[in-house]
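Here the protein sequences come in this chain order: A and B.
Each step along the first sequence adds one to the number in my numbering, with nothing skipped, and position 476 is 476.
Here my numbering runs 1000 ahead of the position in the second sequence, where the first position is 1.
One structure is given below, encoded as structure tokens.
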Amino acid sequence: MSTRITVDPITRIEGHLRIDVEVNGGKVTNSWSSGQMFRGIETILQGRDPRDAWIFTQRLCGVCTTVHAIASVRAVENALGIEIPINAQYIRNVIVSAHALHDHMVHFYHLSALDWVDVTSALKADPAKASALGESLSPWPHNSKREMEAVKEKLASFVAGGQLGIFTNGYWGHPAMKLPPEVNLLAVAHYLQALEYQFKANKVVAILGSKTPNIQNLAVGGVANAINLNNQATLNMEKLFMMKDLLEEVAAFVQQVYLPDVAAIGAMYPEWLGYGGGVTNYLSVPDLPLDTKGTQFDLPGGTIVDGNLATLKQITSFQDAYFKDNVTESIAHAWYDGEWDKHPWEEETVPHYTEFDGEKKYSWVKAPRFEGRPMQVGPLAQVLVGYATGHPIIKKYADQVLSTASAIAKVKLGPNVLHSTLGRHAARAVRAATLSELALKHLQLLTENIGKGDVAIFTPWTYPAGEQRGFGFHEAPRGALSHWVVIRDGKIVNYQAVVPSTWNAGPRDEKGQKGPYEASLVGNPIADTAKPLEVLRTVHSFDPCLACAIHTLDVEGNELSKIRTLT
Amino acid sequence: MSDEGGAERGIEPQRRLTVIGLGNVLMGDDALGPTVIGALDAQYEFPPEVAVLDLGTPGLDLTPYLLGFDAAVIVDTVSAPGAPGTIVLYRRDEILKTPPQPRLSPHDPGLKEALLTVAFAGDGPREVLLVGVVPGKVTTGIGLTAAVRAAVPDAVEEVVRELDRLGAPAYSRSPQSPPDLWWERP
């Protein structure tokens, strides 16, 4: 007889996601992913001036602020045919890189590490051994015995003070926790250090964006960062150098701590390089444009089908027809009126809530499809596309993480292990390392271009008459994000955001094909149905952020971390 | 920039107190926090040691905005007994000692975990006041319900009183300008 487990909600940050799994013989045999909140941004944007759209969309989700601002200005610029100055591209690129670095570090250390790291076990660690292990993995200067001792003491006093609440989702002592105490201690030390480095990355966003988390410096047509190297109030040499210092420090942490940590954890949970693959069709969009038109990029985009890198089809420009023509959303299993499967420009959002019925409708999240296929988005998609295109930086770090993990696990691990729960974490670290180089590169490009005397930041434009349609994409920390806008006579008539967590957390479509969360859970082991840590591991590996994927009917009762087991 | 103790402190090192409004301006009464911040900015001048921020709904990304501060006043909607518009005050210990599933707002996992995270790092606010307001309607749409809008002046008053108590009094602006609640503009 099967046991059904409901995890509701699963995300530790904003949002409300419900996961149902059926367990048979200690393994997940079926699953459903359901967004429990209705939102409908289009109702707020209709009739507004497209120039203001980014200010509103950046409030869609409090964690993914910047990414919705960027995708929105790109969508409106695409609709109106506006080309922005190269300085504006570089400034946006530095912002999105720094934001993603911040986000990836927070995700791994502060949101997901506790799925793998048993904090209380760190109290049993030998600081000298933890230090030796850290120093064998990288040249990072903050792995000393003294630092490990200090962290252990801090942890002991925190535990003694009864303040372990921070780790309440940690399931310490769970049979699926397998790291030795020294690895746990090293991870706790890096958890604390990561706080400092995510903060440095965030500071770069604040310098350019003038505020965080909601940046203020964008405009349809460019940016609002006046450039004058000799003026305190503008973007000047002092600020450019300050950002360089900050990004160099972040790069050192990502390359010397984050990447080796993920490799080590991957090597110590080798079975999780087998579980959690699910949907192995991948979609990423190119980003970090190198020209004003958006035809050359530093991050690759494209699609891969059935995990076969030879099927790669690239997405190559902000006007790319392959992307534009092939995105649809299905509401066959989502709480909207009707049964359609439509292109975002053609969609309408008419909520129609019925009860949760896994056979019929069970989610507020629509099911996006690309050429009719469910697609997994996120760092793994981008890393695999990069691997397939021979992207030199991505390939370098992907090979590095695999060879480090292989050495620790004492088995040869190839790129095929990336189609897994821990593969998603590894890919996120690879992407972070890649971005740590590219953020500095784009800051350098900006500095050099300003040095040539080019201070242009904005392209003036006027509204054409009639109707225009546009789309803008951005490879956000959680994957491919696209905004779709229809403008008539200078006003928004339709607006849809197809967000990464919609691609990944969406329900089945009209053909019954599961979404990526759902597919990835099937086959996962469950050691203890009362504490389904394994479900959390796989879902967290996608970095769920549901406030933007979904939509609030009502968060009645705020049952914030309910895990129900129904037999 | 001033620099206490030589270490690089917080997001704005010259400040030691922070007033943070939380909430989503696109979700009805959830805009309470940002609305109170807008009202504070329009009506008061703050000493340089006080940061006043509308942070939206940052979840755990609240952490960097708490690092390095001695005290924090947070304004947010809370799910508590009482009619919409009721103000409920919580101190740090009450926020942290509530049962694992506190009856606070959906972004509470952020507030509670962010406070504990900075405490673990040894660099978070020791004094925390959460000025909570019970919402009426939290669904997609712009604008506060009448009961919650009526609570805004009282919430502003609670913040001002707390800053007084912390020895960083705010002063009434003269003349006063209307608050910049950009999301309410048609």
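Backbone N, C-alpha and C define an ideal beta-carbon position, used for all residues, glycine too.
Run through the DSSP bridge pairs and tell me what D1054 (chain B) is partnered with. Within the second sequence, residue 1054 (chain B) is the residue found at index 54, counting from 1. Paired residues: B:G1021.
Under 8 Å, do I95 (chain A) and L235 (chain A) count as touching if we go by C-beta distance? In the first sequence, counting from the first residue as 1, residue 95 (chain A) sits at position 95. In the first sequence, counting from the first residue as 1, residue 235 (chain A) sits at position 235. It is not a contact, given that the beta carbons lie outside the stated cut-off.
Does F1120 (chain B) come within less than 8 Å of chain A when only Cβ atoms are used? For this step, residue 1120 (chain B) is matched to residue 120 along the second sequence. At least one chain A Cβ lies under 8 Å of F1120 (chain B).
From the DSSP secondary-structure annotation, give me the bridge partner or partners of R488 (chain A). On the first sequence, position 488 is the one that residue 488 (chain A) refers to. Its beta-bridge partners are A:E467 and A:K491.
Residues, ordered as in the chain, of the region 58-73 of chain A that lie near chain B by beta-carbon distance below 8 Å: R59, L60, C61, G62, V63 and T65
For chain B, is any of its Cβ atoms less than 8 Å away from the one on V106 (chain A)? For the purposes of this step, residue 106 (chain A) is taken as residue 106 along the first sequence, with counting starting at 1. At least one chain B Cβ lies under 8 Å of V106 (chain A).
Measuring only between beta-carbons, confirm whether I44 (chain A) sits less than 8 Å from chain B. Looking up residue 44 (chain A) in the first sequence gives position 44. Chain B contact via Cβ: present.
Same chain only: Cβ atoms within 7 Å of P1100 (chain B), ignoring 5 sequence neighbours per side: For the purposes of this step, residue 1100 (chain B) is taken as residue 100 along the second sequence, with counting starting at 1. In this prediction, P1100 (chain B) has a pLDDT of 34, which is less than 50 and means its spatial position is unreliable; nothing more can be read from the coordinates.
So, with DSSP's three-state summary, where would you put P368 (chain A)? Taking the first sequence and counting its residues from 1, the one referred to as residue 368 (chain A) is at position 368. P368 (chain A) falls in the strand class under three-state DSSP.
Looking at C-alpha atoms only, which residue of A:K313, A:A71, A:Y109 and A:K360 is the closest neighbour of V257 (chain A)? The residue labelled residue 257 (chain A) in the question sits at position 257 within the first sequence. The closest CA to that of V257 (chain A), considering only A:K313, A:A71, A:Y109 and A:K360, is found on A:Y109.
Segments assigned beta strand (DSSP E), at least 3 residues, entirely inside the region 354-401 of chain A: 367-370
In three-state DSSP terms, what is W1182 (chain B)? Locating residue 1182 (chain B) in the second sequence gives position 182, counting from the first residue. Three-state result, W1182 (chain B): helix.
Take the Cβ of T462 (chain A) as the centre, count every other Cβ of all protein chains shown within 10 Å, and call the residue buried at 16 or more, exposed below. Locating residue 462 (chain A) in the first sequence gives position 462, counting from the first residue. Exposed, because fewer than 16 other Cβ atoms sit within 10 Å of the Cβ of T462 (chain A).
Are the beta-carbon atoms belonging to N225 (chain A) and N231 (chain A) less than 8 Å from one another? Indexing the first sequence from 1 puts residue 225 (chain A) at position 225. Indexing the first sequence from 1 puts residue 231 (chain A) at position 231. With respect to the 8 Å criterion, N225 (chain A) and N231 (chain A) are not classified as neighbours on the basis of their beta carbons.
With 8 Å set as the bound, which would you pick, yes or no: does the beta-carbon of H483 (chain A) sit closer than that to a beta-carbon of chain B? As a position in the first sequence, residue 483 (chain A) is number 483, starting the count at 1. No, H483 (chain A) does not count as interfacial toward chain B.
Per DSSP, A224 (chain A) forms a beta bridge with which residues? Position 224 of the first sequence, counted from the first residue, corresponds to residue 224 (chain A). In the DSSP output, where bridge partners are listed per residue, A224 (chain A) has none listed.
Interfacial residues, the region 1068-1084 of chain B to chain A, with Cβ spacing under 7 Å: Taken in chain order, the members of the region 1068-1084 of chain B whose beta-carbon sits within less than 7 Å of a beta-carbon on chain A are S1079.
Below 7 Å between beta carbons is the criterion; list the residues of the region 1166-1181 of chain B that meet it against any residue of chain A, in chain order. Under the 7 Å Cβ criterion, the region 1166-1181 of chain B contributes no residue.
Strictly under 8 Å for the Cβ-Cβ distance: is V1025 (chain B) near chain A by that measure? One-based indexing of the second sequence puts residue 1025 (chain B) at position 25. Chain A, which has a Cβ nearer than 8 Å to the Cβ of V1025 (chain B), makes this yes.
Considering only residues of the same chain and omitting the five flanking positions on each side of R508 (chain A), which have a CB-CB separation below 6 Å? As a working mapping, residue 508 (chain A) is identified with position 508 in the first sequence. If we look at R508 (chain A) and ignore the five residues flanking it on each side, its Cβ neighbours are H333 and K514.
Ordered list of beta strand (DSSP E) runs contained in the region 257-338 of chain A, each at least 3 residues: 282-284, 287-289, 297-299, 301-305, 308-315 and 327-330
Please state whether the Cβ-Cβ distance between A1083 (chain B) and V1152 (chain B) is less than 8 Å. Against the second sequence, residue 1083 (chain B) aligns to sequence position 83. Against the second sequence, residue 1152 (chain B) aligns to sequence position 152. The criterion of a C-beta distance shorter than 8 Å is not satisfied by A1083 (chain B) and V1152 (chain B).
4 or more residues per run - each alpha helix (DSSP H) lying fully within the region 104-140 of chain A: 127-137
Would K491 (chain A) pass as a contact of D49 (chain A) if the rule is Cβ separation under 8 Å? Working through the first sequence from its first residue, we reach residue 491 (chain A) at position 491. Working through the first sequence from its first residue, we reach residue 49 (chain A) at position 49. It is a contact, given that the beta carbons lie within the stated cut-off.
Which residues in the same chain as V1160 (chain B) place their Cβ atom closer than 6 Å to its Cβ, once the five residues preceding and following it in sequence are excluded? The residue you call residue 1160 (chain B) lines up with position 160 of the second sequence. Only A1170 meet the Cβ criterion.
Among all the DSSP beta bridges, which residues are the ones paired with I1087 (chain B)? For this step, residue 1087 (chain B) is matched to residue 87 along the second sequence. DSSP lists B:V1133 as partners of I1087 (chain B).
Alpha-carbon to alpha-carbon, T29 (chain A) and L101 (chain A): Mapped onto the first sequence, residue 101 (chain A) falls at position 101. Mapped onto the first sequence, residue 29 (chain A) falls at position 29. The alpha-carbon atoms of L101 (chain A) and T29 (chain A) are separated by roughly 36 Å.
Could you give the residue range of the alpha helix (DSSP H) that holds I44 (chain A)? Reading the first sequence from its first residue, position 44 is the one you call residue 44 (chain A). For I44 (chain A), the enclosing alpha helix (DSSP H) begins and ends at I41 to L45.
Could you spell out where the alpha helix (DSSP H) holding L240 (chain A) opens and where it closes? On the first sequence, residue 240 (chain A) is found 240 positions in, with the first residue counted as 1. That run of the alpha helix (DSSP H) goes M237 to F253.
Spell out whether any CB of chain B is found under 8 Å from the CB atom of A549 (chain A). Counted from its first residue, the first sequence places residue 549 (chain A) at position 549. Confidence at A549 (chain A) is low in this model, with a pLDDT of 40, below 50, so the placement of that residue should be treated as unreliable; the coordinate-derived value is given next. By this cut-off, A549 (chain A) is not an interface position.
Give the residues from the region 1040-1072 of chain B that approach chain A closer than 7 Å (Cβ to any Cβ), ordered along the chain. L1055, G1056, T1057, P1058, G1059, L1060, D1061, T1063, P1064 and L1067
Given this structure, state the Cα-to-Cα distance separating G1033 (chain B) from V183 (chain A), to the nearest angstrom. By one-based count along the second sequence, residue 1033 (chain B) stands at place 33. By one-based count along the first sequence, residue 183 (chain A) stands at place 183. Going by the C-alpha atoms only, they are around 41 Å apart.
Is there contact here, the region 1041-1052 of chain B with the region 1162-1178 of chain B, by at least three beta-carbon pairs under 8 Å? yes
Kindly list the residues whose CB is nearer than 6 Å to the CB of V493 (chain A), restricted to its own chain and excluding five residues on each side of it in sequence; keep chain order. Counted from its first residue, the first sequence places residue 493 (chain A) at position 493. For V493 (chain A), where only same-chain residues beyond five positions count, the Cβ hits under 6 Å are V486.
Chain B residues whose Cβ lies nearer than 9 Å to that of L288 (chain A): Indexing the first sequence from 1 puts residue 288 (chain A) at position 288. The premise fails here: L288 (chain A) is roughly 22 Å from chain B at the closest Cβ pair, so nothing lies under 9 Å.
Beta-bridge pairing of N30 (chain A) - partner residues as DSSP gives them: As a position in the first sequence, residue 30 (chain A) is number 30, starting the count at 1. Note: N30 (chain A) sits in a beta bridge opposite A:E22.
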